[in-house]
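Some notes on the structure that comes next.
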Amino acid sequence: MKKLARREEEIMEFLWENGPMFVKEIVALYDEPRPHFNTMSTVVRNLETLGYVGHNAYGSTYQYYAAVSRDEYRKMTLQGVVSKYFDNSYMRVVSSLVKEEEISLDELKELIRMVEEGNNI
């Protein structure tokens, strides 16, 4: 699946947090100045074309819902980063985090312990 643009991710966050919504409800969640209804409708329809969003029809009005879960998107995004920047190596990712001191050795040991015990992380 394609990595989403910032505005597309915002809309997905709204759908994940609020459930099915009409475009006018999505627009109402933005601070002033709110994006134009037609612009938001175009973005939502594009998300549907990409397979991220589905809809239920109510007459000539559509209520949109997330067709991809937040966890599915998170996993796909992480796989894309690992593939693009770390040559498909999760070992390189962890090594980079340790090297850049984003994760301490104690945290890494705790992570290993949790994995060995089968705990969900």
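Numbering-wise (the numbering used here), the sequence shown opens with residue 7 and increments by one. For every residue, glycine included, the Cβ atom is placed at its ideal position computed from N, Cα and C.
> Below 9 Å between beta carbons: does that hold for residue 18 and residue 59?
Replying inline: Stepping through the sequence shown from its first residue, residue 18 is reached at position 12. Stepping through the sequence shown from its first residue, residue 59 is reached at position 53. Yes, Cβ-Cβ distance for residue 18 and residue 59 is below 9 Å.
> Which runs of the beta strand (DSSP E) fall wholly inside the region 63-119 and span at least 3 residues, in chain order?
Replying inline: For the region 63-119, whole beta strand (DSSP E) runs of length 3 or above, ordered along the chain, are 67-72.
>> Please report the distance separating the alpha-carbon of residue 111 from that of residue 74.
In response: In the sequence shown, counting from the first residue as 1, residue 111 sits at position 105. In the sequence shown, counting from the first residue as 1, residue 74 sits at position 68. Going by the C-alpha atoms only, they are around 35 Å apart.
>> According to DSSP, simplified to helix, strand and coil, what is residue 7?
In response: Counted from its first residue, the sequence shown places residue 7 at position 1. DSSP places residue 7 in coil when its eight states are reduced to three.
>> Is it buried or exposed, residue 72, if we count other Cβ atoms within 10 angstroms and call 16 or more buried?
In response: Your numbering for residue 72 matches position 66 in the sequence shown. It counts as buried.
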